[in-house]
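**Student:**
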Amino acid sequence: PEKRVEHLLAIWPLLREQHPDASLLILGSGPDEPGLHGQASPGVHLLGRVNDVAPYLKAADLFLLPSHTEGLSNALLEAMSTALPCIATRVGGAIDLIDHASNGWLVNRNAPDEMLAAISLLLENPAQRYYLGQRARQHIVRGYSLGNTAERINQLYQGLLAERPLTAVQPTQG
Numbered sequence: 004p005e006k007r008v009e010h011l012l013a014i015w016p017l018l019r020e021q022h023p024d025a026s027l028l029i030l031g032s033g034p035d036e037p038g039l040h041g042q043a044s045p046g047v048h049l050l051g052r053v054n055d056v057a058p059y060l061k062a063a064d065l066f067l068l069p070s071h072t073e074g075l076s077n078a079l080l081e082a083m084s085t086a087l088p089c090i091a092t093r094v095g096g097a098i099d100l101i102d103h104a105s106n107g108w109l110v111n112r113n114a115p116d117e118m119l120a121a122i123s124l125l126l127e128n129p130a131q132r133y134y135l136g137q138r139a140r141q142h143i144v145r146g147y148s149l150g151n152t153a154e155r156i157n158q159l160y161q162g163l164l165a166e167r168p169l170t171a172v173q174p175t176q177g
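Add 3 to a position in the sequence shown, counting from 1, and you land on the number used in my numbering.
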C-alpha cells in the first residue's frame, strides 16, 4: 500500500478515454501484486521484478511515483538521471528532488484526480515533457552524482574537523 499502485490502476481507464494508446508498465513486485492483477484494465501491464530497468526507462514517456510514504527513492533518482519526466506525490524524498513544474511534477498524496490531470497534461505536451526531463537530469548530475556526493561528504568532514580538531591521546603508564 505504500506505493499506491492501486491509485494508478483506478485512474487508468479514465486516462485511456482521453489517451486510448496509453500503456502503464508497472515494474516491481510485492505482497500486493496478486491482488493488483485483478484490478488491471486494458493498457496496464504488471511486469513483476525486473533486473534491468534501463530499457523500460528509455522507452517510457513518463515516470510515475504515487507513493503514500517514501524516503529518497532510488527509482525516482534513476528515472530523473535518464532525463525521464517524473510525476510524484508530495512526500518524502520526492519533495527534495523535484522542484514542481521546473524539473518534475508534484501532486498531493491520496489525490488520484491530481495524478490523472498531471499525466494527461504532460502526455499532451511533449515539449514540456522534454524540458522537465532535461532539467531533472541536470539536477541529478549536479547534486547527486557520485563525485558530487563524495565532495559534499569530504566538505562535511573538513568542516567538523575545523570546529573540533583531533587531539592526540597519550597512553597512560601503569
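All C-beta atoms in this analysis are idealised placements derived from N, C-alpha and C, irrespective of residue type, glycine included. Model, not experiment: these values are computed from the prediction.
Quick one: Cα of VAL47 to Cα of ASN157, how far?
**Tutor:** Roughly 45 angstroms separates the two Cα atoms.
**Student:** For GLU117, collect the residues of the same chain with a Cβ closer than 7 angstroms to its Cβ; drop the 5 residues on either side in sequence, then sort them by chain order.
**Tutor:** If we look at GLU117 and ignore the five residues flanking it on each side, its Cβ neighbours are VAL110, ASN111.
**Student:** Consult DSSP for GLY95 and reduce its assignment to one of helix, strand or coil.
**Tutor:** Correct three-state label for GLY95: helix.
**Student:** For HIS71, which of helix, strand or coil comes out of DSSP?
**Tutor:** Of the three classes helix, strand and coil, the one that applies to HIS71 here is coil, per DSSP.
**Student:** Leaving aside the five residues before and after SER105 along the sequence, list all residues of the same chain whose C-beta is less than 7 angstroms from its C-beta, in chain order.
**Tutor:** ARG138.
**Student:** Using only CA atoms, which one of ALA114, ILE14, LEU100 lies nearest to ASN76?
**Tutor:** The amino acid occupying residue 76 in the given sequence is Ser; Asn does not appear at that position. When only C-alpha atoms are compared, the closest one is LEU100.
**Student:** GLU5 and SER84 - do their beta-carbons sit closer together than 7 angstroms?
**Tutor:** No. Outside cutoff.
**Student:** Around the Cβ of GLY107, are there at least 16 other Cβ atoms within 10 angstroms (buried) or fewer (exposed)?
**Tutor:** Counting Cβ neighbours within 10 Å, GLY107 comes out buried, since at least 16 surround it.
**Student:** If you follow the beta strand (DSSP E) that ILE143 is part of, which residue opens it and which one closes it?
**Tutor:** Note, ILE143: premise wrong, no beta strand (DSSP E); alpha helix (DSSP H) at 129 to 147.
**Student:** For chain C, check one thing: does any of its Cβ atoms lie closer than 7 angstroms to the Cβ of SER84?
**Tutor:** Absent from the structure is chain C; it holds one protein chain and no more.
**Student:** HIS22 by DSSP, collapsed to three states: which one?
**Tutor:** The answer is coil: DSSP assigns HIS22 none of H, G, I, E or B.
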